[in-house]
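Peer 1: Structure provided below as structure tokens; questions to follow.
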Amino acid sequence: LDGSVLSRIPVSDNWDDRYFPHDKFQGLPEGGYTKLFERMLESKRITVRLNTNYFDMLKDVEAARRLRWARGIPSAKVFFTGPID
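For the sequence shown, our numbering assigns the number 28 to the initial residue and increments by one for each residue that follows.
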């Protein structure tokens with residue numbers, strides 16, 4: 028790894044296994060991160076599309092944005108989490 032990356036990784040010389048030992052509050056979500064994301068994605072305000080080509084749905088997304096804008100509704104966000112190449 029490049030030195031600029033390594034310089035951001037905390038190094039510990041004791042058995043304290045906390046990632047940020049000087050932070051006042053630390054913890055993990057009850058039930059773990061999987062449960063946290065499962066609960067968030069159950070929201071009716073979030074649509075999850077699997078095995079979907081982003082470019083195939085781009086026209087639908089843009090049309091929905093224009094419709095929402097015309098109605099004075101804030102635009103929806105699209106988060107692409109697939110491979111970048």
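Built from N, CA and C at the ideal position, the CB exists for glycine as well. Since this is a predicted model, take the numbers as computed values, not measurements.
#1: Please check the pair V75 and L68, which I expect to be a contact at CB under 8 angstroms, by giving their CB distance rounded to whole angstroms.
#2: So, are the CB atoms of Y81 and G109 less than 9 angstroms apart?
#3: Taking the C-alpha atoms as reference points, what is the distance between R72 and N41?
#4: In the DSSP assignment, find the alpha helix (DSSP H) that holds G30 and state where it starts and stops.
#5: Would a C-beta distance cut-off of 9 angstroms place P56 and Y46 closer than the cut-off?
#6: Is T61 helix, strand or coil by DSSP?
Peer 2: The relevant details are as follows:
#1: The beta-carbon distance between V75 and L68, rounded to whole angstroms, is 6 angstroms. This is short enough to meet the 8 angstroms contact definition.
#2: Going by C-beta atoms, Y81 is nearer than 9 angstroms to G109.
#3: Going by C-alpha positions, R72 is about 45 angstroms away from N41.
#4: Annotation: the continuous alpha helix (DSSP H) that includes G30 extends over G30 to L33.
#5: No, these two residues do not count as a Cβ contact at 9 angstroms.
#6: Helix.
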